[in-house]
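Step one of this worksheet: look at the structure below.
4 protein chains.
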Amino acid sequence: MSENVKVAIIGSTGYGGVELIRLLASHPQAVVTSVTSSSSAGAPIAEGFPHLSEIRTDMLDDVDPALIKSKADLVFLATPAGVAAKLVPSLLEAGLKVIDISGDFRLKSRDSYEKWYKKEAADQHYIDQAEYGLSEVYGDRVLGKDFISNPGCFPTATLLGLVPAVQAGYIDPATIIIDAKSGVSGAGRGASLGTHYSELNENFKAYKVNKHQHIPEIEQVLSDVAGRPVITTFTTHLVPMTRGIMSTMYASIQGERSLEDFISLYNNYYEGRRFVRIRQAGSWPATKEVWGSNYCDIGFSVDERTGRVTIVSVIDNLVKGAAGQAIQNLNLMMGWDETLGLQFVPAYP
Amino acid sequence: MSENVKVAIIGSTGYGGVELIRLLASHPQAVVTSVTSSSSAGAPIAEGFPHLSEIRTDMLDDVDPALIKSKADLVFLATPAGVAAKLVPSLLEAGLKVIDISGDFRLKSRDSYEKWYKKEAADQHYIDQAEYGLSEVYGDRVLGKDFISNPGCFPTATLLGLVPAVQAGYIDPATIIIDAKSGVSGAGRGASLGTHYSELNENFKAYKVNKHQHIPEIEQVLSDVAGRPVITTFTTHLVPMTRGIMSTMYASIQGERSLEDFISLYNNYYEGRRFVRIRQAGSWPATKEVWGSNYCDIGFSVDERTGRVTIVSVIDNLVKGAAGQAIQNLNLMMGWDETLGLQFVPAYP
Amino acid sequence: MSENVKVAIIGSTGYGGVELIRLLASHPQAVVTSVTSSSSAGAPIAEGFPHLSEIRTDMLDDVDPALIKSKADLVFLATPAGVAAKLVPSLLEAGLKVIDISGDFRLKSRDSYEKWYKKEAADQHYIDQAEYGLSEVYGDRVLGKDFISNPGCFPTATLLGLVPAVQAGYIDPATIIIDAKSGVSGAGRGASLGTHYSELNENFKAYKVNKHQHIPEIEQVLSDVAGRPVITTFTTHLVPMTRGIMSTMYASIQGERSLEDFISLYNNYYEGRRFVRIRQAGSWPATKEVWGSNYCDIGFSVDERTGRVTIVSVIDNLVKGAAGQAIQNLNLMMGWDETLGLQFVPAYP
Amino acid sequence: MSENVKVAIIGSTGYGGVELIRLLASHPQAVVTSVTSSSSAGAPIAEGFPHLSEIRTDMLDDVDPALIKSKADLVFLATPAGVAAKLVPSLLEAGLKVIDISGDFRLKSRDSYEKWYKKEAADQHYIDQAEYGLSEVYGDRVLGKDFISNPGCFPTATLLGLVPAVQAGYIDPATIIIDAKSGVSGAGRGASLGTHYSELNENFKAYKVNKHQHIPEIEQVLSDVAGRPVITTFTTHLVPMTRGIMSTMYASIQGERSLEDFISLYNNYYEGRRFVRIRQAGSWPATKEVWGSNYCDIGFSVDERTGRVTIVSVIDNLVKGAAGQAIQNLNLMMGWDETLGLQFVPAYP
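Residue numbers (our numbering), protein chains in the order written: chain C, 2 to 350; chain D, 2 to 350; chain S, 2 to 350; chain P, 2 to 350.
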């Protein structure tokens with residue numbers, strides 16, 4: 002609970018990086034001392050992001066571990082898949098702490114990474130070092146660590162909605178079906194037909210059905226908490242909005258479990274964790290109700306006709322699904338209160 | 002293929018009614034001779050709908066069966082639940098043909114209607130007369146009938162996506178899970194917090210989970226084609242867009258069925274039916290690709306890891322999900338080509 | 002009113018081209034016999050535009066005047082600025098009639114084109130041949146012509162809103178200020194940060210202030226109808242929607258002119274022209290009220306406090322602002338009723 | 002710069018009230034001790050606003066001055082027009098400080114209020130007491146006052162964009178034309194056809210042309226800084242987005258003034274005022290660049306062809322246009338730094 006930490010952000014010109022800047026601006030014990038970009042080094046960061054005018058007047062630095070180490074103690078990586086795999090070793094060797102928001106160190110199996118990401122995996126040595134920071138599930142392991150792999154956006158919403166029920170045996174893991182929906186900012190700032198306004202507005206699309214690279218990440222955690230291999234059906238859809246993820250999850254109930262049983266189970270599991278809010282019976286979370294905040298809201302329906310439970314979990318993909326949880330991991334690493342600098346009220350409407 | 006038909010529209014000031022006006026304006030053998038409204042009779046229809054200025058200059062008529070019969074041969078009802086139940090008997094007795102777009106005559110069981118709709122059901126006598134017009138499944142029964150009950154929007158998208166597989170035994174009906182999403186126009190033109198722009202824009206919501214009145218309609222048809230009772234898990238979501246429905250459907254595959262088997266099955270089932278388009282492997286339909294048209298596009302993924310099929314089906318809820326299929330039913334009743342006046346190219350983008 | 006015309010579309014993979022395909026699909030006397038693309042020749046057009054699946058099963062042709070001439074009588078160009086300038090001579094020489102939707106032949110002055118478009122202008126010889134087809138103003142000149150330059154989207158909305166008042170001397174041309182707003186489809190299908198969904202959704206932007214290439218086109222026509230040079234202040238804004246343009250126009254009134262005077266003037270000017278609808282006092286047109294149609298709706302406010310009139314004009318930029326007016330010009334060239342194949346009711350909501 | 006202040010919010014169930022709750026949650030020297038509602042007293046505030054779950058667990062109080070005084074020192078009124086006029090006297094007499102976000106005390110002339118608002122005006126005695134808190138223009142007058150009338154959303158964006166130029170004589174006040182655009186949240190949370198999602202999505206509308214009640218407020222200030230009566234042309238439009246206002250303003254330049262002259266003038270005028278950001282030449286502010294923040298960003302174009310300047314000013318209507326500026330006024334009243342608790346980075350994207 003002591004001194005401040007100086008942080009650098011690699012990938013400052015993407016949405017994850019710029020959201021880190023927004024959130025860290027009000028963090029009482031972290032200060033951003035370097036923002037870097039491989040493509041725009043030397044330019045003022047506010048040039049590409051005019052909303053930062055007069056807020057951040059600094060220039061973008063080169064992605065140079067020695068330079069970064071001279072300015073910062075810890076680095077956030079908010080880079081496209083494949084970049085962190087190559088960069089992290091030199092950052093760690095330079096003595097920097099690292100929180101990687103990309104997917105490069107989430108999967109413990111290199112084969113699995115290469116199958117789902119279609120890229121070369123990082124060194125097993127560094128993969129083994131990375132602590133997977135799903136805060137409300139594995140937060141205890143993060144304290145004092147130097148290298149955190151921050152969970153994906155879909156896995157965060159999905160796992161927070163499933164882990165208590167799987168761990169407690171309330172649902173049959175073999176029956177889990179996950180129907181996920183995301184706002185467009187999840188696709189990043191790159192321009193393509195797939196992110197073109199006129200193609201997405203007034204449109205609802207399915208994509209990467211059964212092929213999304215977040216599937217093995219979800220299964221890795223569910224298998225861990227179930228104590229045996231779990232495979233799932235997972236579909237992603239694109240919603241005509243900027244921020245927000247909803248995972249709607251279905252599973253067969255094991256034993257006699259009422260709606261109240263599920264609500265109690267989750268309230269107990271997440272006791273003391275401020276960022277997970279369990280809804281009362283009959284109340285369904287909507288993505289706007291967590292917009293701009295680090296909350297994950299979860300609601301339930303138990304259907305006696307089918308013997309299935311429906312679980313709905315929502316997050317802001319750029320906050321709890323990326324930059325917010327990364328700062329939560331920073332707090333946990335440093336032994337601070339996990340909510341430090343993250344107590345934003347959702348922006349509504 | 003002979004003479005023209007004069008049609009009246011009851012409920013002309015809602016979205017279903019006004020979409021009938023749009024579509025019928027280019028129908029070569031139907032002419033709208035009366036538009037009625039219980040709330041605004043006497044006013045020009047273009048007053049509440051300025052997009053109809055100089056296109057329809059007539060005044061709204063009272064909802065009076067004798068008056069309607071003096072002007073028209075057939076009436077479309079695009080009214081809220083509960084209205085058609087009371088109105089249809091007098092319309093049929095006045096000698097009018099009737100196509101009811103509301104849910105009042107879809108369920109053959111009065112108990113089921115009263116349980117799910119929370120309203121008094123229509124007379125069993127009239128329920129028995131109503132032919133359920135899911136065109137591509139039951140179209141043959143519609144020819145020459147006087148009273149058609151037009152399917153609901155969610156059931157249309159869902160059933161066109163499930164019926165061939167259930168009927169052929171490719172999937173286990175007990176495992177069907179339906180995750181449905183709709184644009185806001187499905188909620189009608191009534192103003193409420195639930196249709197307020199600032200509450201829905203940049204928001205994605207679940208609603209009526211396991212409680213939607215379209216559940217028994219879907220189960221009634223699936224039970225019919227399966228030859229035994231089918232119950233399903235069905236969730237609805239609200240998408241920040243005006244038009245469009247997507248049903249994402251999951252089920253366990255029975256036997257060895259490849260993706261190509263599903264595509265062949267559906268192509269065969271829908272052979273000669275112009276409004277259902279089966280996508281090739283790897284192509285997923287998006288709601289905008291059927292916007293403003295009577296098409297239903299369907300795509301598939303077969304997942305060998307889980308043994309499940311994922312089926313995605315999209316429609317425009319106001320066209321194939323309401324006014325368009327109602328006109329298709331008019332065509333089928335009259336013995337005309339079912340595509341008459343409905344060959345709209347989707348408006349893209 | 003005789004035989005049919007076979008048409009080719011160059012630039013079929015942009016929004017203007019694909020809208021021509023949509024609209025011409027229901028034209029009773031024109032048939033699209035060739036769709037071309039310089040970038041995707043040989044591919045099925047429905048591959049890039051799945052909404053055309055089973056509607057258009059043809060492959061994209063090369064942009065080859067001889068090939069096109071073997072298939073078609075007339076060609077629509079829906080190409081980016083600079084393409085038509087080079088292509089039109091060979092098309093005309095091949096004996097094809099041409100309707101150019103791009104800006105390459107709208108400005109009579111090559112200098113002006115090069116100043117505002119920052120590209121090399123077309124040959125003066127061909128510029129002189131091009132008839133500027135603002136249908137309700139210059140439609141009479143189009144009959145029998147071989148080469149039409151179709152007006153820009155902003156000029157169409159703006160000029161239909163200003164020409165009667167300028168010509169009649171009801172307003173002082175020196176005081177005209179035009180505040181224009183457009184949906185994103187006006188920027189075309191090219192992917193860039195400027196058309197990225199997350200950058201435009203929940204955002205309202207000004208762009209090209211006093212620099213838009215449609216300024217000289219507007220001034221050219223206003224100068225023509227005023228009988229003396231007119232220069233204007235013109236600002237464009239980007240609205241988070243796909244289709245629609247609104248021009249809000251301000252000018253000082255000359256003489257004593259009431260709201261009713263303006264309404265009468267415009268009703269007289271546009272008498273018999275079905276696609277311009279003059280609103281009654283107190284009714285303001287909204288872009289959705291013309292969505293998907295060829296209408297231009299115009300409303301007025303006369304402010305006695307300031308002595309100014311405010312004129313609001315709306316169109317669908319892809320229809321009356323591009324493909325629709327191009328077909329209207331086809332109709333006028335051929336001596337057909339100008340509304341042929343264009344009587345779409347706006348899609349509402 | 003001393004002790005904390007306890008504040009109550011009247012009208013906590015509207016968008017202005019709930020935004021005050023969001024912003025004040027991170028204010029270091031103000032604490033919300035009572036949230037009231039005339040319609041929902043006794044209910045938990047989080048019931049109607051689930052985004053506040055576990056953040057605010059209190060019940061809504063009745064609107065009772067004595068009760069409020071027992072809990073708070075100062076009250077914010079975020080009520081519909083006409084309510085504050087009746088309520089403020091009893092609040093002031095109870096010894097509460099008051100910041101009124103509604104329009105009831107902005108106009109110094111009762112006649113003007115009654116003409117434009119179509120409601121009975123407040124007592125002249127209380128109108129005279131109210132200090133109009135346009136922070137960057139009249140902020141000096143606010144210190145130590147007990148009763149502040151907070152400016153309207155359109156006037157804030159418009160006046161911050163015009164006052165320096167009018168005061169310095171750079172533009173001719175008689176030529177000012179204001180074309181304003183607002184997101185839908187400006188219309189409040191009341192449900193009506195005018196706030197219905199399907200009516201507004203993919204739509205752009207003009208409304209209250211030359212009739213908006215913010216016109217006399219704008220003119221009152223411009224007349225004050227010009228030193229003579231100013232009347233203006235003012236049009237409002239509704240943008241399909243939730244938050245954000247842009248005012249695009251046009252005026253004839255007086256004297257020889259370059260773009261750089263305008264930029265210098267504004268930079269000087271707003272020196273030391275953190276919430277106004279003047280854009281460099283060629284950079285245009287967009288509403289998303291101030292979303293969720295208290296900034297007002299202003300850009301310019303000087304057009305030599307017409308001798309006019311175009312000024313673009315953007316704010317978040319719920320922050321700088323309502324709750325944010327109200328807190329800025331609280332800070333100024335109390336003698337605190339005006340940015341206290343308001344240093345939010347805009348949420349982008």
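Each residue gets a CB set at the ideal place from its N, CA and C atoms; glycine is no exception.
Open item on the list: For T374 (chain P) and N269 (chain P), what's the separation of their Cα atoms in angstroms?
Closed with: With chain P covering 2 to 350 only, the question about residue 374 (chain P) has no answer from this structure.
Open item on the list: Give me the chain P residues within the contact set of T243 (chain C), using Cβ-Cβ distance strictly less than 8 Å, ordered along the chain.
Closed with: Walking along the first sequence from the start, residue 243 (chain C) turns up at place 242. Near T243 (chain C) (Cβ distances below 8 Å), the residues of chain P are P350.
TODO: Decide if A44 (chain D) is buried, meaning its Cβ has at least 16 other Cβ atoms within 10 Å, or exposed.
DONE: Counting from one through the second sequence, the residue named residue 44 (chain D) turns up at place 43. Burial call: exposed.
Task: Where G245 (chain P) sits in the DSSP three-state scheme - done: If you number the fourth sequence from 1, residue 245 (chain P) lands on position 244. In the structure shown, G245 (chain P) sits in coil (DSSP, three-state: anything other than H, G, I, E or B).
Task: Whole-number beta carbon distance between L53 (chain C) and I11 (chain C), since they are thought to touch under 8 Å - done: Taking the first residue of the first sequence as position 1, residue 11 (chain C) is located at position 10. Taking the first residue of the first sequence as position 1, residue 53 (chain C) is located at position 52. Their Cβ separation, rounded to whole angstroms, is 17 Å, which puts I11 (chain C) and L53 (chain C) out of contact at 8 Å.
Task: is_contact[F361 (chain D), chain S] using C-beta, thresh 9 Å - done: Nothing can be reported for residue 361 (chain D): it is not among the residues displayed for chain D, which extend from 2 to 350.
- [ ] Could you say which of S:A31, S:F148, S:Y16 and S:G256 lies nearest to N5 (chain S) if we only look at CA atoms?
- [x] Along the third sequence, one-based indexing puts residue 5 (chain S) at 4. Among S:A31, S:F148, S:Y16 and S:G256, the Cα nearest to that of N5 (chain S) is on S:A31.
Open item on the list: Counting only C-beta atoms, is T196 (chain S) closer than 9 Å to chain C at any point?
Closed with: By 1-based counting over the third sequence, the position of residue 196 (chain S) is 195. Closer than 9 Å to some Cβ of chain C, the Cβ of T196 (chain S) qualifies, so yes.
Task: Helix, strand or coil at L223 (chain S) [DSSP, three-state] - done: Against the third sequence, residue 223 (chain S) aligns to sequence position 222. L223 (chain S): helix per DSSP, three-state reduction.
Open item on the list: If I follow the unbroken alpha helix (DSSP H) through H213 (chain P), where does it start and stop?
Closed with: As a working note, residue 213 (chain P) is residue 212 in the fourth sequence. Taken as a continuous stretch (DSSP letters only), H213 (chain P) belongs to no alpha helix (DSSP H), as it is neither H nor E.
Task: Interface residues of chain P facing H213 (chain C) [CB-CB closer than 9 Å] - done: The sequence position of residue 213 (chain C) within the first sequence is 212, counting from 1. In chain order: nothing, as chain P lies at least about 22 Å away.
Task: Element boundaries [alpha helix (DSSP H), containing V138 (chain D)] - done: As a working mapping, residue 138 (chain D) is identified with position 137 in the second sequence. Boundaries of the alpha helix (DSSP H) around V138 (chain D): S136 to Y139.
Task: Host beta strand (DSSP E) of G18 (chain D) (start-end) - done: Locating residue 18 (chain D) in the second sequence gives position 17, counting from the first residue. Note, G18 (chain D): premise wrong, no beta strand (DSSP E); alpha helix (DSSP H) at Y16 to L25.
- [ ] Output, in chain order, the set of chain C residues within a Cβ distance shorter than 9 Å of R190 (chain S).
- [x] Here residue 190 (chain S) refers to the residue found at position 189 of the third sequence. Correct list: L194, H197, S199 and E200.
Task: Complete beta strand (DSSP E) runs within the segment 133-183 of chain S (minimum length 3 residues, chain order) - done: Listed in chain order, the complete beta strand (DSSP E) runs (minimum 3 residues) inside the segment 133-183 of chain S are 148-150 and 178-183.
Open item on the list: Can you look up I316 (chain S) in the DSSP assignment and give me helix, strand or coil?
Closed with: Stepping through the third sequence from its first residue, residue 316 (chain S) is reached at position 315. Of the three classes helix, strand and coil, the one that applies to I316 (chain S) here is strand, per DSSP.
- [ ] Take F309 (chain P) and list the residues in its own chain whose beta-carbon comes closer than 7 Å to its own, dropping the five residues that flank it on each side.
- [x] In the fourth sequence, the residue the question calls residue 309 (chain P) occupies position 308. Before going further, note that residue 309 (chain P) is Arg rather than Phe in the sequence given. Contacts found: Y251, A252, S253 and I254.
Task: Range covered by the alpha helix (DSSP H) that runs through F263 (chain C) - done: As a working mapping, residue 263 (chain C) is identified with position 262 in the first sequence. Counting along the chain, the alpha helix (DSSP H) containing F263 (chain C) begins and ends at L260 to Y270.
Open item on the list: Could you compute how far the alpha carbon of T196 (chain C) sits from the alpha carbon of A287 (chain P)?
Closed with: As a working note, residue 196 (chain C) is residue 195 in the first sequence. As a working note, residue 287 (chain P) is residue 286 in the fourth sequence. Those two C-alpha atoms are separated by around 20 Å.
Open item on the list: Please list, in chain order, the chain D residues whose beta carbon lies closer than 7 Å to that of S186 (chain P).
Closed with: Position 185 of the fourth sequence, counting from 1, holds the residue named residue 186 (chain P). Around S186 (chain P), the beta-carbon contacts reaching into chain D at under 7 Å are S199.
Open item on the list: At the level of alpha carbons, what is the spacing between P350 (chain S) and G17 (chain S)?
Closed with: Counted from its first residue, the third sequence places residue 350 (chain S) at position 349. Counted from its first residue, the third sequence places residue 17 (chain S) at position 16. So the alpha carbons of these two residues sit roughly 22 Å apart.
Task: chain S contacts from the segment 264-282 of chain P (Cβ-Cβ distance under 8 Å) - done: Listed by position along the chain: nothing, the set is empty.
Open item on the list: With a threshold of 9 Å between beta carbons, is F205 (chain D) in contact with chain C?
Closed with: Here residue 205 (chain D) refers to the residue found at position 204 when the second sequence is read from its first residue. So yes, F205 (chain D) belongs to the interface.
TODO: Just grab the DSSP bridge partners of V8 (chain C) for me.
DONE: For the purposes of this step, residue 8 (chain C) is taken as the residue at position 7 of the first sequence. DSSP, once it has assigned bridges, lists C:V33 and C:L75 as partnering V8 (chain C).
Task: Distance CB(F301 (chain S))-CB(F263 (chain S)) smaller than 9 Å - done: Taking the first residue of the third sequence as position 1, residue 301 (chain S) is located at position 300. Taking the first residue of the third sequence as position 1, residue 263 (chain S) is located at position 262. A distance below 9 Å separates the beta carbons of F301 (chain S) and F263 (chain S).
Open item on the list: Would D141 (chain D) pass as an interface residue toward chain C - the criterion being a Cβ-Cβ separation below 9 Å?
Closed with: Within the second sequence, residue 141 (chain D) is the residue found at index 140, counting from 1. So, not an interface residue.
TODO: State the Cα-Cα distance for the pair K321 (chain S) and S294 (chain S), rounded to the nearest angstrom.
DONE: In the third sequence, residue 321 (chain S) corresponds to position 320, counting from 1. In the third sequence, residue 294 (chain S) corresponds to position 293, counting from 1. Taking the straight line from one Cα to the other gives about 7 Å.
- [ ] Would you mind listing the alpha helix (DSSP H) stretches within the segment 273-345 of chain S that are 4+ residues and don't spill past its ends, in chain order?
- [x] 325-335
Task: Within chain P, the residues that A26 (chain C) reaches when beta carbons sit closer than 7 Å - done: Looking up residue 26 (chain C) in the first sequence gives position 25. Chain P residues near A26 (chain C): V346.
TODO: Just mark M2 (chain P) as buried or exposed, buried being the case when its beta carbon has 16 or more other beta carbons within 10 Å.
DONE: Reading the fourth sequence from its first residue, position 1 is the one you call residue 2 (chain P). Any reading at M2 (chain P) is ruled out, since the residue's pLDDT is 42, under 50, leaving its predicted position unreliable.
- [ ] Have a look at N202 (chain D) and D62 (chain D) and give me their C-alpha separation to the nearest angstrom.
- [x] Looking up residue 202 (chain D) in the second sequence gives position 201. Looking up residue 62 (chain D) in the second sequence gives position 61. So the alpha carbons of these two residues sit roughly 35 Å apart.
TODO: Can you give me the start and stop residues for the alpha helix (DSSP H) that L93 (chain D) sits inside?
DONE: Taking the second sequence and counting its residues from 1, the one referred to as residue 93 (chain D) is at position 92. Start and end: V84 to E94.
Open item on the list: To the nearest angstrom, how far is the alpha carbon of R244 (chain P) from that of S186 (chain P)?
Closed with: Your numbering for residue 244 (chain P) matches position 243 in the fourth sequence. Your numbering for residue 186 (chain P) matches position 185 in the fourth sequence. Each residue's alpha carbon lies about 6 Å from the other.
Task: Continuous alpha helix (DSSP H) stretch holding K206 (chain P): start and end - done: The count along the fourth sequence starts at 1 and reaches residue 206 (chain P) at position 205. Counted as a single uninterrupted DSSP element, the stretch harbouring K206 (chain P) is not any alpha helix (DSSP H) but the beta strand (DSSP E) occupying residues K206 to Y208.
Task: Paired residues, beta bridge with A252 (chain S) - DSSP - done: As a working note, residue 252 (chain S) is residue 251 in the third sequence. DSSP, once it has assigned bridges, lists S:V310 as partnering A252 (chain S).
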